[in-house]
Amino acid sequence: MHVVVCVKQIPDPAVPGALDAYNTLQREGKLILDESDSYGVEMALQLVDAAGGGEVTLISMAPNGEVSGLRTALAMGAAKAILVSDPALAGSDALGTAKVLAKCVERAGGVDLVLAATESSDGYTGTVPAQMAELLSMPALTFAKHVEVADGKIKIQRQTEAGYDVVEASLPVVVTVTAGVVEPRYPSFKGIMAAKNKPVDAVTAADLGLADQVGWAGARQEITGVTQAPARQAGEKIEDDGTGFEKIVGYLEKLKVI
Amino acid sequence: MDFSLTEAERDLVGLCRDFAQKEIAPRAPLAWEEARCPTDLLREMGALGLLGMLIPEAWGGIGMTTVGFVAAMEQIGLADQSVAAAWQAHVTIGSLPLYLFGSDAQRERWLRPLAEGRALGAFGLTEPDAGSDARGITTRAVRRDGGWLINGRKTFISNAGTDMSFGVTLLARTETGDDTRPAYATFVVETGTPGFTTGPKMRGIGWRGLDTRELYFDDVWVADDHLVGDPAMGLSQFLRTLEVGRISIAALSLSLTQAVLDMALDYARQREQFGQPISKFQAIQFKLADIATELEAARWLTYRAASLRDAGQPFLKEASMAKLKASRLAVSAASEAVQIHGGLGYMLDSPVARFYCDAKVLEIGEGTNEIQHVVIARELGC
Numbered sequence: 019m020h021v022v023v024c025v026k027q028i029p030d031p032a033v034p035g036a037l038d039a040y041n042t043l044q045r046e047g048k049l050i051l052d053e054s055d056s057y058g059v060e061m062a063l064q065l066v067d068a069a070g071g072g073e074v075t076l077i078s079m080a081p082n083g084e085v086s087g088l089r090t091a092l093a094m095g096a097a098k099a100i101l102v103s104d105p106a107l108a109g110s111d112a113l114g115t116a117k118v119l120a121k122c123v124e125r126a127g128g129v130d131l132v133l134a135a136t137e138s139s140d141g142y143t144g145t146v147p148a149q150m151a152e153l154l155s156m157p158a159l160t161f162a163k164h165v166e167v168a169d170g171k172i173k174i175q176r177q178t179e180a181g182y183d184v185v186e187a188s189l190p191v192v193v194t195v196t197a198g199v200v201e202p203r204y205p206s207f208k209g210i211m212a213a214k215n216k217p218v219d220a221v222t223a224a225d226l227g228l229a230d231q232v233g234w235a236g237a238r239q240e241i242t243g244v245t246q247a248p249a250r251q252a253g254e255k256i257e258d259d260g261t262g263f264e265k266i267v268g269y270l271e272k273l274k275v276i
Numbered sequence: 099m100d101f102s103l104t105e106a107e108r109d110l111v112g113l114c115r116d117f118a119q120k121e122i123a124p125r126a127p128l129a130w131e132e133a134r135c136p137t138d139l140l141r142e143m144g145a146l147g148l149l150g151m152l153i154p155e156a157w158g159g160i161g162m163t164t165v166g167f168v169a170a171m172e173q174i175g176l177a178d179q180s181v182a183a184a185w186q187a188h189v190t191i192g193s194l195p196l197y198l199f200g201s202d203a204q205r206e207r208w209l210r211p212l213a214e215g216r217a218l219g220a221f222g223l224t225e226p227d228a229g230s231d232a233r234g235i236t237t238r239a240v241r242r243d244g245g246w247l248i249n250g251r252k253t254f255i256s257n258a259g260t261d262m263s264f265g266v267t268l269l270a271r272t273e274t275g276d277d278t279r280p281a282y283a284t285f286v287v288e289t290g291t292p293g294f295t296t297g298p299k300m301r302g303i304g305w306r307g308l309d310t311r312e313l314y315f316d317d318v319w320v321a322d323d324h325l326v327g328d329p330a331m332g333l334s335q336f337l338r339t340l341e342v343g344r345i346s347i348a349a350l351s352l353s354l355t356q357a358v359l360d361m362a363l364d365y366a367r368q369r370e371q372f373g374q375p376i377s378k379f380q381a382i383q384f385k386l387a388d389i390a391t392e393l394e395a396a397r398w399l400t401y402r403a404a405s406l407r408d409a410g411q412p413f414l415k416e417a418s419m420a421k422l423k424a425s426r427l428a429v430s431a432a433s434e435a436v437q438i439h440g441g442l443g444y445m446l447d448s449p450v451a452r453f454y455c456d457a458k459v460l461e462i463g464e465g466t467n468e469i470q471h472v473v474i475a476r477e478l479g480c
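Protein chains in written order, with this note's numbering: chain A, 19 to 276; chain B, 99 to 480.
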């Protein structure tokens with residue numbers, strides 16, 4: 019079984035980020051594996067294991083040839099990676115990114131399953147996987163909180179507000195997984211050492227035949243402005259004069275939770 | 099001279115920091131509270147390769163340097179001393195005798211599962227009547243039916259009674275009535291061997307998450323292939339292993355000191371009395387500055403001993419000095435850290451109290467500090 023996992027390398031969320039002149043996130047310096055992608059990597063490793071063979075290929079798009087985040091995912095057990103790193107990609111919108119990643123899936127070849135997170139932790143558009151599926155003419159199964167593969171079919175539990183739907187499709191397919199679908203492993207020491215020598219296929223937009231469809235030139239979206247989220251308003255303060263519990267009960271009744 | 103880490107050592111430290119902060123720190127305090135050895139954590143550490151720290155890859159380990167081991171310990175011990183104690187006992191005295199003195203067949207049979215983290219290693223030396231005076235052990239192995247019959251009792255043995263323990267490597271006397279000089283040999287006794295039983299988990303002041311027991315050997319018969327190394331050189335074999343163990347306890351002491359320093363500093367900056375954080379009072383500042391200074395000195399001694407071992411040079415004196423200095427510091431620093439916390443620090447619910455309880459044994463285990471003095475004095479030429 020050949021599983022491709024889309025992984026994004028993002029600026030460390032523990033470090034305050036900054037925007038550039040075009041309202042996009044500055045991505046200079048070291049990037050780390052987006053934690054939400056570690057679930058897809060783990061899921062892929064477990065599915066390949068359960069299938070009794072195969073491999074996991076990572077695909078990623080990042081500036082400056084950055085591989086730190088990819089190495090983390092390779093250390094977890096992925097076999098190889100395709101990294102698209104090209105100054106021409108700067109300014110790519112979600113569709114541009116989907117085009118690049120779809121070409122990477124084709125480049126990986128013989129793919130049974132494409133996994134991605136439901137959305138990245140730094141961009142949050144949540145649209146790339148579905149766009150990629152359309153470009154690849156594959157079904158898109160989203161928000162999977164449980165995944166099973168058997169006899170060329172995939173069955174997922176699709177997270178909904180009320181619970182989950184069971185959705186099935188034939189392989190190949192694009193699936194987005196939620197955080198918590200599986201517990202990501204820690205890379206072992208041997209895994210970390212081995213990852214240093216695993217192949218990373220570095221390609222450009224031109225290699226993928228997408229030279230003029232990506233970056234600022236190909237973008238159909240533009241971030242026109244970024245505004246601060248409104249500050250949280252102070253809540254209502256009630257001094258407890260001995261009847262505070264009645265106010266709490268009244269408030270909860272108003273919310274219709276009791 | 100500097101002890102800057104190699105890329106592999108830095109990778110190891112990163113891995114240990116991550117695992118210690120995310121898994122050990124939240125889970126180990128409950129095990130301490132319940133006086134239960136958290137073998138689930140040790141198994142997970144095994145899967146990461148951490149249980150094969152000093153064993154070469156050929157035997158399932160990761161072939162780490164001693165310096166890398168010390169640096170890794172600084173991360174593990176920062177999170178929990180009991181887990182770190184179990185881990186280091188496994189890595190040093192629990193595994194090294196088999197690696198250093200075992201045959202290839204013995205390494206394959208017993209060392210590989212230890213190094214790959216599938217089993218926990220233990221070493222049995224101390225007896226009720228023989229601690230510092232290791233030559234005084236009375237556990238005896240005699241030739242019987244093409245093997246050895248072992249009788250005796252060991253005490254304060256770590257890692258031998260968990261659900262992950264493979265058994266124990268132990269030291270026993272082997273001389274016969276005709277010999278004029280005592281002889282000692284090392285044997286492997288696996289869990290489940292008839293006649294080998296363990297007492298209940300002992301209750302210490304600290305290290306409550308560490309499994310420590312008495313071991314009983316009543317007519318335990320083992321085949322000849324359970325004898326490890328030279329049948330007459332058991333004691334010197336073990337003493338060699340203990341040298342590394344001393345570096346390990348020094349490292350454990352560094353991690354304890356760093357932990358209590360961090361806690362005391364955090365608390366001193368938050369706690370306000372007389373209208374300002376107590377960290378603004380010199381009485382507190384001097385305590386913290388002293389601990390930090392002594393910690394740096396102890397750290398350099400420990401890394402120095404470790405780097406000597408990695409360079410293949412003698413390190414007996416330096417290991418003893420590091421253990422002596424670092425363990426004394428751990429005990430005094432833990433006491434001062436509790437003092438800075440005041441009444442809160444005295445309560446067992448506060449993390450600093452747990453580390454305080456864990457400190458004292460560092461002056462006792464792996465050769466008491468009195469024995470470290472003896473070793474150092476002997477090396478000086480006394």
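Ideal Cβ placement from N, Cα and C applies to all residues, glycine included.
Out of the options, state which residue places its alpha-carbon closest to the alpha-carbon of residue i.
| i | options | result |
| --- | --- | --- |
| A/Gln-177 | A/Gln-149, A/Phe-263 and A/Val-165 | A/Val-165 |
| B/Thr-284 | B/Ala-428, B/Gly-304, B/Arg-271 and B/Leu-209 | B/Arg-271 |
| A/Ala-91 | A/His-20, A/Gly-114, A/Leu-119 and A/Val-59 | A/Val-59 |
| B/Cys-135 | B/Asp-360, B/Ser-430, B/Gly-304 and B/Ala-203 | B/Gly-304 |
| B/Lys-261 | B/Phe-294, B/Arg-216 and B/Phe-254 | The sequence given here has Asp at residue 261 of chain B, not Lys. With distances taken between Cα atoms, B/Asp-261 lies closest to B/Arg-216. |
| A/Gly-209 | B/Leu-325, B/Gly-307, B/Asp-109 and B/Gly-234 | B/Asp-109 |
| A/Ile-100 | A/Ala-112, A/Leu-119, A/Ala-93 and A/Gly-109 | A/Leu-119 |
| B/Ala-232 | B/Gly-479, B/Cys-480 and B/Thr-466 | B/Thr-466 |
| A/Ala-93 | A/Leu-270, A/Gln-246, A/Asp-219 and A/Lys-214 | A/Lys-214 |
| B/Leu-442 | B/Ala-362, B/Gly-229 and B/Leu-399 | B/Ala-362 |
| B/Gln-470 | B/Tyr-454, B/Gln-437, B/Met-445 and B/Met-419 | B/Met-419 |
| A/Tyr-40 | A/Ser-103, A/Gly-109 and A/Ala-158 | A/Gly-109 |
| B/Gly-343 | B/Phe-167, B/Ala-106 and B/Gly-159 | B/Phe-167 |
| B/Ala-357 | B/Ala-457, B/Ile-153 and B/Phe-254 | B/Ala-457 |
I'd like to check one pair, residue j with residue i: are the Cβ atoms closer than 8 Å?
| i | j | result |
| --- | --- | --- |
| B/Met-151 | B/Ala-182 | no |
| B/Phe-315 | B/Thr-237 | yes |
| A/Pro-217 | A/Lys-98 | yes |
| B/Ile-345 | B/Thr-163 | no |
| B/Gly-256 | B/Thr-310 | A small correction: the amino acid at residue 256 of chain B is Ser; Gly does not occupy that position in the sequence shown. Contact: yes. |
| B/Val-266 | B/Gly-222 | yes |
| A/Thr-194 | A/Thr-136 | yes |
| B/Glu-341 | B/Leu-414 | yes |
| B/Glu-434 | B/Ile-376 | no |
| A/Glu-186 | A/Lys-163 | no |
| B/Ala-76 | B/Ala-126 | Absent from the model: residue 76 of chain B. The displayed extent of chain B is 99 to 480, so no value can be given. |
| A/Ala-168 | A/Ala-158 | no |
Go to residue i, then tell me how far its alpha helix (DSSP H) extends in each direction, as first and last residue.
| i | result |
| --- | --- |
| B/Cys-114 | 105-117 |
| B/Gln-186 | 179-187 |
| B/Trp-398 | 380-408 |
| B/Trp-130 | 123-131 |
| B/Leu-198 | 194-199 |
| B/Glu-461 | Premise fails: B/Glu-461 is in no alpha helix (DSSP H) and is neither H nor E. |
| B/Asp-231 | B/Asp-231 -> no alpha helix (DSSP H), and no H or E assigned at all. |
Between which two residues does the beta strand (DSSP E) holding residue i run?
| i | result |
| --- | --- |
| B/Arg-241 | 238-242 |
| B/Asp-317 | 310-321 |
| B/Asp-456 | Segment 449-457 is the alpha helix (DSSP H) holding B/Asp-456; no beta strand (DSSP E) there. |
| A/Thr-194 | 191-195 |
Is residue i near the ligand ATP, going by C-beta to nearest heavy atom under 7 Å?
| i | result |
| --- | --- |
| B/Ala-475 | Absent from the structure shown: the ligand ATP. Ligands present: none. |
For residue i, would you say it is in contact with chain D, using Cβ-to-Cβ distances shorter than 8 Å as the test?
| i | result |
| --- | --- |
| B/Gly-147 | No chain D appears in the structure shown, which is made up of the protein chains A and B. |
Tell me the start and end of each unbroken alpha helix (DSSP H) in the segment 26-93 of chain A that is at least 4 residues and wholly inside, in chain order. 53-68
Pull out every residue of the segment 200-219 of chain A whose Cβ sits closer than 9 Å to any Cβ of chain B, in chain order. Arg-203, Tyr-204, Pro-205, Ser-206, Phe-207, Lys-208, Gly-209, Ile-210, Met-211 and Lys-214
In the segment 323-366 of chain B, which residue ranges form an unbroken beta strand (DSSP E) of at least 3 residues, counting only runs that do not cross its ends? none
Give me the subset of the segment 113-125 of chain B whose CB atoms are less than 7 Å from a CB atom of chain A, sorted by chain position. Leu-113, Asp-116 and Phe-117
Please give the ranges of any alpha helix (DSSP H) in the segment 201-268 of chain A, keeping only runs that are unbroken, at least 4 residues long and fully inside the region. 207-213 and 233-236
Starting from the N-terminal side, write out each stretch of the beta strand (DSSP E) that is 3 residues or longer and does not extend beyond the segment 269-304 of chain B. 282-288 and 294-296
To test your reading of the DSSP string, which unbroken alpha helix (DSSP H) runs of 4 or more residues are found completely within the segment 112-145 of chain A? 112-126
Could you pull out every unbroken alpha helix (DSSP H) segment of at least 4 residues lying fully inside the segment 405-437 of chain B, listed in chain order? none
Taking Cβ-Cβ distances below 7 Å as the criterion, which residues of the segment 152-177 of chain B are in contact with chain A? Ile-160
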